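Residue numbers (this note's numbering): 20 to 341.
Just so it is clear, CB atoms sit at the ideal spot from N, CA and C, and this is done for glycine as well.
Model, not experiment: these values are computed from the prediction.
Reading through the structure tokens given below for one structure.
And the structure:
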């Protein structure tokens, strides 16, 4: 505890944590879905508007910047184009939020129980718990993440007719491993990201709550989540780009909105190839919209989680009294 503000690991039972986490995931996904589609389209683009030599023979669209991509998707695919992949994404965020917060509180309690002199300081406990929770949630929900990416990568021409059709096609043509393409990059990214995020959030939360200018409606949780997210996302973004490039590998690679996505194999070789062929810009393509997405996503997630947990705790108290 610090400044009277409860740490996440001290709030609620495992069931309450799972419910609040699922609610936070669902609300967050609905809010940031269009930005997520824009980010994925930019990350999969291997050519640059500033390099005329890379524009030759491009069959798919060429996106320039966040606003330009938004306008182009609306013009060519309509409003629904901004919510492509939303069904698997909603399932992903619901499951991810539930597993993430449950694992975080469970692991935090285990580490808190370590006796002296081996007991870890609060920041270290938050980092390790966040990293482990992120790895667990990423692995458990990865097939949904892959489906979300593939549907978001579709243009006007549909690659998969439906969710079930995509599952059948991947199982038939790529096998079980097809659902986990890029998992190594996903875990490599999420471990430092979630570790940094939770450590930053737990440190910033009491500072924001006790600020000179009080923030209304519990928005101190949202502000802490926003700052923590921006810092963490920027640090690990190249691995996120690598994950997206690997997720669209397979027999349907040439049918996505970008027709010229290269064939990649393995995390390390993908990172090296992107760096050599596209430079730093390629590694960080879509970072601006990613931060625009990550900030409100984390803010909404943490705000919703804290509000849902407060409601569940209040309901639990009333249930005991009745």
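Distance cut-off 7 Å: residue i Cβ against heavy atoms of the ligand ADP
i          : result
residue 36 : The ligand ADP is not part of the structure shown, which contains no ligands of any sort.
For residue i, three-class secondary structure by DSSP
i           : result
residue 131 : helix
residue 256 : helix
residue 83  : coil
residue 315 : helix
residue 21  : Only weak support exists for where residue 21 lies, its pLDDT of 35 falling under 50; the value from the coordinates is given anyway. Looking at residue 21 - three-state DSSP - the assignment turns out to be strand.
residue 154 : helix
residue 227 : helix
Exposure label - residue i; buried when at least 16 CB within 10 Å
i           : result
residue 328 : buried
residue 176 : exposed
residue 66  : buried
residue 213 : buried
residue 321 : buried
residue 239 : buried
residue 317 : buried
Own chain, CB closer than 6 Å to residue i, minus 5 neighbours either side, in chain order
i           : result
residue 301 : 293
residue 117 : 37, 40, 41
residue 102 : 52
residue 159 : 118
residue 402 : Because the chain here runs from 20 to 341, residue 402 falls outside it and cannot be looked at.
residue 306 : 256
residue 324 : 39, 43
Top-ranked residue by Cα proximity to residue i, from the options
i           : options          : result
residue 96  : 276, 218, 163    : 276
residue 218 : 83, 151, 33, 145 : 145
residue 62  : 82, 331, 335     : 82
Cutoff 7 Å; reference residue i; Cβ partners in own chain excluding five residues on either side
i           : result
residue 188 : 179
residue 268 : 200, 282, 283
residue 289 : 261, 264, 265, 283
residue 115 : 44, 156, 160
Close-in-space but distant-in-sequence residues of the same chain around residue i (CB under 8 Å, 5 per side omitted)
i           : result
residue 161 : 198, 199, 202, 205
residue 270 : 192, 193
| field | Any 3 or more C-beta pairs closer than 8 Å across the stretch 261-273 and the stretch 204-212 | value | yes
| query | Is it true that the stretch 309-321 meets the stretch 245-255, where meeting means three or more beta-carbon pairs spaced less than 8 Å apart? | reply | yes
| the stretch 123-131 contacting the stretch 147-156, beta-carbon criterion three pairs below 8 Å | yes
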